[in-house]
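Just add 4 to wherever you are in the sequence shown, counting from 1, and you've got the numbering used here.
Where is the CB? At the ideal position from N, CA and C, for every residue including glycine.
Below: one structure, written as structure tokens.
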Amino acid sequence: MTATAVAHPNIALVKYWGKADAQLALPATGSVSMGLDVFPTTTTVTLDGGSGAGAEARDAFTLNGHVVEDGALVRVQQFLDLVRELAGSDARASVVSENTVPTGAGLASSASGFAALATAASAAYGLDLSARDLSRLARRGSGSATRSIPGGVAVWHAGDDQGSFAEPIPAPPMAMVVVTIDAGPKPIGSREAMRRTIATSPFYPAWVTSTTETVGDMLDACAAGDFTRIGEITESNALRMHATIEGAFPPIRYLNARSVAVFDAVGELRAAGLEAYATADAGPNVVVLCQPADRSAVATALASFGDVIESGTGPAARVLRSEESGSNPDQKESV
Ligand code: DP6
């Protein structure tokens, strides 16, 4: 079998920072995100034919035309082991992924990457998962990938293995402008930074308590279609996450002077009557939330800070093609 799927990145409006259970990838709190309609990851999973020989062979992973042999391959193999366990299969797989996030755009590729892999692999291994179970599966690859399964505006619930999934929520139309101010590598990856924050930041317990409340406030604001409130909560929650991370020892600081300058510029846009709110993930780049009618004005206003990319609200992850390997393309079955 071979299956191809596509998924898009998402940006959290209420952030996920910290796991309650690393093995099951259960988050310490819920989170809320907006899926983007730019930078899709398209992934094809092809199962090696025949059983028996499969067990000794290894999975293969090609990303943007390059064969991957390092830790990223191990992460893909461990993820495929989960899929094989669910499917009762020992077939090895070849994974070919095209990730269109420009290098250094500051958007984590793990969200779209593992959402596309979960969608393609579950189709290739013949699993017929509900959207909820697909999002639970994607969670095991990367936490933020959970929210790239539903796309749109989504909540990812904290909970146990069964209860921790993402689902779409009603929200007003929104857009984002990604401001790439620094394309360099991160000083420390988010996985390790989360661990250090939990172990050493005195602010972490307050982050967990306050973010749990913030998720409820954000769900209320989304249900009410209150864009101003959504924006205010988004910017506040991002700064709370960064304050919590900065409280780690040794300290971790993702925002630099230019990031802070973008937050200031966004505040000035608001003072001038343009509703825009800033957020940032585990890196210096800033993403600005606005209403769809304002996105080109926001992009123009922030163009002097770096590369700007506009995005609307993106779609759910989906299977593009699914067929028997080597079958006549005319007979292929699309799902
Ligand atoms: C700052 O999903 O990359 O972007 O679960 O360890 O793979 P793992 O972490 P990851 O962390 C994302 C952190 C964040 C906030 C967010 O997307 O909610």
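Secondary structure of residue i, DSSP reduced to three states
i    : result
A16  : strand
S134 : coil
E328 : coil
L30  : strand
S152 : helix
A24  : strand
S88  : Looking at the sequence shown, residue 88 is not Ser but Arg. Helix, per DSSP.
S98  : strand
H161 : coil
V36  : strand
A57  : Any reading at A57 must be qualified, since the residue scores a pLDDT of 49, below 50, and its modelled position is unreliable; no value is offered.
D221 : helix
A227 : helix
E142 : Strictly speaking, residue 142 in this sequence is Ala, with Glu absent from that position. Note: A142 maps to helix in three-state DSSP.
S214 : helix
F207 : coil
S300 : helix
Q335 : Any reading at Q335 must be qualified, since the residue scores a pLDDT of 38, below 50, and its modelled position is unreliable; no value is offered.
Q166 : coil
Segment limits, beta strand (DSSP E) that includes residue i
i   : result
L67 : 64-67
Candidates the options, of which the one nearest residue i by Cα
i    : options                : result
D221 : F118, P13, W211, R233  : R233
D164 : D137, S152, M178       : D137
A276 : T6, D230, E89, A305    : A305
S116 : V181, L243, V159, H12  : H12
P31  : A228, A162, A127       : A162
N241 : A29, F169, V36, E73    : V36
V87  : P106, L17, R140        : R140
A135 : V18, T6, Q82, E171     : E171
A125 : T184, G34, G156, A7    : A7
A24  : G147, V182, E89, P177  : G147
A280 : Y129, P255, L223, A269 : A269
M198 : Y258, A122, A95        : Y258
F43  : M178, G316, E328       : G316
Strand pairing of residue i, partner residues [DSSP]
i    : result
N103 : T45
Y281 : L293
A179 : C294
R322 : V10
E171 : V159
E314 : V181
T50  : T6, S98
Closer than 7 angstroms: residue i CB and nearest the ligand DP6 heavy atom
i    : result
G271 : no
Y281 : no
G401 : The first residue shown for the chain is 5 and the last is 339, placing residue 401 beyond what the model contains.
S168 : no
D285 : yes
R195 : yes
K19  : yes
A29  : yes
A76  : no
A380 : With the chain represented from 5 up to 339, any question about residue 380 goes unanswered, as that position is not in the structure.
S35  : yes
A16  : yes
P198 : Here the sequence assigns Met to residue 198, which means Pro is not the residue at that position. Indeed, a heavy atom of the ligand DP6 lies less than 7 angstroms from the Cβ.
S93  : no
S148 : yes
N-terminal and C-terminal residue of the alpha helix (DSSP H) that residue i is part of
i    : result
I256 : From DSSP, I256 is part of no alpha helix (DSSP H); its letter is neither H nor E.
E250 : 231-250
V72  : That residue, V72, is in no alpha helix (DSSP H); it is neither H nor E in DSSP.
A307 : No alpha helix (DSSP H) contains A307, which DSSP labels as neither H nor E.
A124 : 113-128
A269 : 261-275
I202 : 194-204
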